[in-house]
Amino acid sequence: MSGWSRHARVLAICWRAAVAGEVEYRLNFFSNVALSAFWMVWAAAGASVYFRFTGTVAGWTQAEVLVVIGLFFTLNGLRQALLQPNLERMTDYVRLGTLDFLLTKPFDAQLLVSLRQVRVNNLLDPVLGLALTTVGVVLSGRGVSVVALAAFGLLLGCAVLLLYALTVLLMALAVVLVAAEELGRVSYAFVELSRFPVELYRNPVQAVLTVVPVAFLTTYPAAALLGRLDPYLLVIAPAVAVGAVVVATLAWRRSLHSYSGASA
Amino acid sequence: MRDVVTAYPPLVRSATLVAATYRGRVALSLLTGFFPLLLMGVWLTIVAEGGPPKGWTTGDFLSYYAAATLLWNLSGDHVVWQWDADMRSGDLSVRLLRPVHPFHQYATNDLGHRLIFLTVLVPALVLAALLVPGLDYPVGPVRLAAVAAALVLAYAVSLLMASTFALIGFWSTQTSNAWLLWWGLGSFASGWVAPLALMPDWLRSVAVVLPFRTAMGFPVELLMGRLDARETAYGFAVGLGWLAAFAVLYRVIWRHGVRRYQAVAG
Numbered sequence: 007m008s009g010w011s012r013h014a015r016v017l018a019i020c021w022r023a024a025v026a027g028e029v030e031y032r033l034n035f036f037s038n039v040a041l042s043a044f045w046m047v048w049a050a051a052g053a054s055v056y057f058r059f060t061g062t063v064a065g066w067t068q069a070e071v072l073v074v075i076g077l078f079f080t081l082n083g084l085r086q087a088l089l090q091p092n093l094e095r096m097t098d099y100v101r102l103g104t105l106d107f108l109l110t111k112p113f114d115a116q117l118l119v120s121l122r123q124v125r126v127n128n129l130l131d132p133v134l135g136l137a138l139t140t141v142g143v144v145l146s147g148r149g150v151s152v153v154a155l156a157a158f159g160l161l162l163g164c165a166v167l168l169l170y171a172l173t174v175l176l177m178a179l180a181v182v183l184v185a186a187e188e189l190g191r192v193s194y195a196f197v198e199l200s201r202f203p204v205e206l207y208r209n210p211v212q213a214v215l216t217v218v219p220v221a222f223l224t225t226y227p228a229a230a231l232l233g234r235l236d237p238y239l240l241v242i243a244p245a246v247a248v249g250a251v252v253v254a255t256l257a258w259r260r261s262l263h264s265y266s267g268a269s270a
Numbered sequence: 158m159r160d161v162v163t164a165y166p167p168l169v170r171s172a173t174l175v176a177a178t179y180r181g182r183v184a185l186s187l188l189t190g191f192f193p194l195l196l197m198g199v200w201l202t203i204v205a206e207g208g209p210p211k212g213w214t215t216g217d218f219l220s221y222y223a224a225a226t227l228l229w230n231l232s233g234d235h236v237v238w239q240w241d242a243d244m245r246s247g248d249l250s251v252r253l254l255r256p257v258h259p260f261h262q263y264a265t266n267d268l269g270h271r272l273i274f275l276t277v278l279v280p281a282l283v284l285a286a287l288l289v290p291g292l293d294y295p296v297g298p299v300r301l302a303a304v305a306a307a308l309v310l311a312y313a314v315s316l317l318m319a320s321t322f323a324l325i326g327f328w329s330t331q332t333s334n335a336w337l338l339w340w341g342l343g344s345f346a347s348g349w350v351a352p353l354a355l356m357p358d359w360l361r362s363v364a365v366v367l368p369f370r371t372a373m374g375f376p377v378e379l380l381m382g383r384l385d386a387r388e389t390a391y392g393f394a395v396g397l398g399w400l401a402a403f404a405v406l407y408r409v410i411w412r413h414g415v416r417r418y419q420a421v422a423g
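So, in structure tokens, the structure goes:
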């Protein structure tokens, strides 16, 4: 396991450097945290308009929808803090030849390219999101059992893996297409679709979002936390997540085979 | 003033050509602008489950959000990012040297892009109105002319409001966040978060005198035939009032702000 600890240590150093570069701009940091909090209140207030006319939408109460909105902010924050800053640099990596340089390092290239950068401004978003989720659970008046909490942890982990797999897949595409900005929009759209539980949409949209698999991001973890998850998803979700990471890793390696280098 | 007027057609034309060159980007930003459709999707479920809220049927929601998508892509908000980037990089210095005021440079650039969006979205909206059952606009020549005027007013107000806000950049580096806060608050009063007809009464009565509805909800409601003659006239009056107010505010703030501007880069 020394390989793992070495990789973890190197990534920690990369992140410390990235954080050190940004904490100088303190006003900017606090202004962005305040804005994140504002968007969360905005989303919760916006959803409350629906509940002026009905107590539940497709079986979801307002408090339960808050649980999902909180998870949406958690995942979207992770995307903005950890995944997006790396994805958006891919164009430059390929165009300027930085990728050649990164590939020669004695370090797993996929981990280095996909996790090297971190955007400090959104690092607190997952904390804010989980706080909203907690508020939603409390307001829903449901008790949370240890089993439900464990299932939630598992499914949230699967959601994060799924999001990571998508980013690696997009990076693999970026090596070929050299259009990271456009590809970044794809990952934005993927997460944005998980803002509400997928059951809030009617078919065929709901079916599409289940297959795509947007439902695995927020709907299923929320269902687990609220204690109404179909038990078979405890097997399916890890299978989907691990499968996605394997596919993305294979795609990444394949794209490197087709990559011929940019620096002289 | 004559110089500015003669400068508009060629500047807009060149911006249109630039936008047309990056067709892929236009298509992509249209595709990722699906947020209003998410909001609509939930409304459709509510209608299916419990009947139309306040008489809003599936057709009404389809008509509203189709038109709202057009308005969203027509807004002049985007100039805020351009101003912010140019003040930071110092590119504003170059723009100050040109014979046309920077406001018009950003406006013509944005207008060119909006025109490209319009050439895609207006036919799409007409097609949707013809093909999608329930999605209908009760329009005659008079109302169509009024809607066209309301669209121009919507663009002008959103452009002037955004440009006025962008001038905060002379004093602070937080323009874009301040703008997002302003926009986010305004989105409750514009018809973006939900149709104003479905909002609480107190919010609706505040919204009709604020500038946000002019830029979004007003033209949509007009197109849907939900406003009588008095409400239409009132909407135009409020919009024109804000247009004048922002024009004055812009000039005042510009005069003070530009003195503080120190080029960041050469």
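From first to last, the protein sequence lines are chains A and B.
Each step along the first sequence adds one to the number in the numbering used here, with nothing skipped, and position 160 is 166.
Each step along the second sequence adds one to the number in the numbering used here, with nothing skipped, and position 223 is 380.
Every residue, glycine too, gets a C-beta built ideally from N, C-alpha and C.
Everything numeric in this text was worked out from a predicted model, so none of it was measured.
* Given a cut-off of 8 Å, decide if B:A224 and B:L168 are closer than it, judged by their beta-carbon atoms. => Reading the second sequence from its first residue, position 11 is the one you call residue 168 of chain B. Reading the second sequence from its first residue, position 67 is the one you call residue 224 of chain B. No, the Cβ-Cβ distance between B:L168 and B:A224 is not below 8 Å.
* **Bounding residues of the alpha helix (DSSP H) (the contiguous stretch that carries B:E378)** => Within the second sequence, residue 378 of chain B is the residue found at index 221, counting from 1. That run of the alpha helix (DSSP H) goes 374 to 380.
* Asked: According to DSSP, what are the bridge partners of A:W66?
  -> Start at 1 with the first residue of the first sequence, and residue 66 of chain A comes out as number 60. Note: A:W66 sits in a beta bridge opposite A:V63.
* Asked: If you run the structure through DSSP and keep just helix, strand and coil, what is A:D114?
  -> If you number the first sequence from 1, residue 114 of chain A lands on position 108. Coil, per DSSP.
* Asked: Can we say the segment 353 to 368 of chain B touches the segment 186 to 193 of chain B, given the rule of at least three CB pairs closer than 8 Å?
  -> no
* Residue-level contact to chain A via CB, B:G198, 8 Å cutoff -> For the purposes of this step, residue 198 of chain B is taken as residue 41 along the second sequence, with counting starting at 1. Closer than 8 Å to some Cβ of chain A, the Cβ of B:G198 qualifies, so yes.
* To do: Go ahead and pull the three-state DSSP assignment for A:N209.
  => Here residue 209 of chain A is taken as the residue at index 203 of the first sequence, counted from 1. In the structure shown, A:N209 sits in coil (DSSP, three-state: anything other than H, G, I, E or B).
* Kindly list, in the order they appear in chain B, the residues whose Cβ is closer than 9 Å to that of A:W45. => Locating residue 45 of chain A in the first sequence gives position 39, counting from the first residue. Within 9 Å Cβ-Cβ: L337, G341.
* Asked: Helix, strand or coil: how does DSSP classify B:Y418 here?
  -> Within the second sequence, residue 418 of chain B is the residue found at index 261, counting from 1. Here B:Y418 sits in coil by DSSP.
* So, A:R208 versus B:A205, is the Cβ gap smaller than 8 Å? -> The residue given as residue 208 of chain A occupies position 202 in the first sequence. The residue given as residue 205 of chain B occupies position 48 in the second sequence. Yes, the pair counts as a contact, with Cβ atoms nearer than the cut-off.
* Asked: So, is the C-beta of A:V211 closer than 8 Å to a C-beta in chain B?
  -> Here residue 211 of chain A refers to the residue found at position 205 of the first sequence. Yes, its Cβ sits closer than 8 Å to a Cβ of chain B.
* To do: For A:V143, collect the residues of the same chain with a Cβ closer than 7 Å to its Cβ; drop the 5 residues on either side in sequence, then sort them by chain order.
  => One-based indexing of the first sequence puts residue 143 of chain A at position 137. Result list for A:V143: V73, V150, L231, in chain order.
* Could you tell me whether the Cβ atoms of A:M46 and A:S120 are closer together than 8 Å? => Position 40 of the first sequence, counted from the start, is the residue given in the question as residue 46 of chain A. Position 114 of the first sequence, counted from the start, is the residue given in the question as residue 120 of chain A. In this structure, A:S120 does not lie closer than 8 Å to A:M46 by Cβ.
* **N- and C-terminal bounds of the alpha helix (DSSP H) containing B:W200** => By one-based count along the second sequence, residue 200 of chain B stands at place 43. Element bounds for B:W200: 192 to 207.
* Cβ shell of B:A335 (< 8 Å), same chain only, five flanking positions each side left out -> Position 178 of the second sequence, counted from the first residue, corresponds to residue 335 of chain B. F322, I325, S329, listed in sequence order.
* **Neighbour-count burial assignment, A:A270, 16 or more Cβ in a 10 Å radius** => The residue labelled residue 270 of chain A in the question sits at position 264 within the first sequence. Low confidence applies here, because A:A270 scores a pLDDT of 47, under 50, leaving its location unreliable; read the following figure in that light. Label assigned to A:A270: exposed.
* Coil, strand or helix - B:G423 by DSSP -> Here the question's residue 423 of chain B lines up with position 266 in the second sequence. Confidence in B:G423 is poor, its pLDDT being 46 and thus under 50, which makes the residue's placement too unreliable to answer from.
* Asked: Between which two residues does the alpha helix (DSSP H) carrying B:G181 extend?
  -> Position 24 of the second sequence, counted from the start, is the residue given in the question as residue 181 of chain B. Element bounds for B:G181: 180 to 188.
* Asked: Does the segment 379 to 398 of chain B come within contact of the segment 245 to 252 of chain B, defined as at least 3 CB pairs closer than 8 Å?
  -> no
* Asked: For B:G343, which residues of its own chain have a beta-carbon under 6 Å away from its beta-carbon, when the five flanking residues on both sides are left out?
  -> Here the question's residue 343 of chain B lines up with position 186 in the second sequence. Cβ neighbours of B:G343 beyond the five flanking positions: F369.
* Asked: Which class does A:M177 belong to by DSSP, given the choice of helix, strand or coil?
  -> On the first sequence, residue 177 of chain A is found 171 positions in, with the first residue counted as 1. Of the three classes helix, strand and coil, the one that applies to A:M177 here is helix, per DSSP.
* Identify which residue in B:V299, B:L231, B:D293 has its Cα closest to the Cα of B:V314. => The sequence position of residue 314 of chain B within the second sequence is 157, counting from 1. Taking only the C-alpha atoms, the option nearest B:V314 is B:L231.
* Asked: What is the DSSP secondary structure of B:W349, reduced to helix, strand or coil?
  -> Residue mapping note: residue 349 of chain B aligns to position 192 of the second sequence, counting from 1. B:W349: coil per DSSP, three-state reduction.
* Distance cut-off 7 Å: B:I273 Cβ against heavy atoms of the ligand GTP -> Annotation note on the ligand GTP: not contained in the displayed structure, which lists no ligands.
* Run the CB neighbour count on A:S264, radius 10 Å, all protein chains shown included, and call it buried at 16 or more, exposed below. => Translated into the one-based positions of the first sequence, residue 264 of chain A becomes position 258. By the neighbour-count rule (16 or more Cβ atoms within 10 Å), A:S264 is not buried but exposed.
* Check whether the Cβ atoms of A:T224 and A:L81 sit closer than 8 Å, and answer yes or no. => Along the first sequence, one-based indexing puts residue 224 of chain A at 218. Along the first sequence, one-based indexing puts residue 81 of chain A at 75. Result yes, Cβ atoms of A:T224 and A:L81 sit closer than 8 Å.
* Asked: Quick one: what's got a C-beta closer than 7 Å to B:A303's C-beta in the same chain, skipping five residues either side?
  -> The residue you call residue 303 of chain B lines up with position 146 of the second sequence. Answer for B:A303: L379, T389, listed in chain order.
* To do: Determine whether the Cβ of B:M244 lies closer than 8 Å to any Cβ atom of chain A.
  => Residue numbering aside, residue 244 of chain B sits at position 87 when the second sequence is read from its first letter. It does not; no Cβ of chain A falls within 8 Å.
* Asked: Going straight from the alpha carbon of A:D114 to that of B:S250, what length do you get?
  -> Taking the first sequence and counting its residues from 1, one reaches residue 114 of chain A at position 108. Taking the second sequence and counting its residues from 1, one reaches residue 250 of chain B at position 93. Their backbone Cα atoms lie some 45 Å apart in a straight line.
* Mind listing the chain A neighbours of B:T189? Cutoff is C-beta to C-beta under 9 Å, in chain order. => Locating residue 189 of chain B in the second sequence gives position 32, where the first residue counts as 1. Correct list: R191, V192, Y194, A195, E198.
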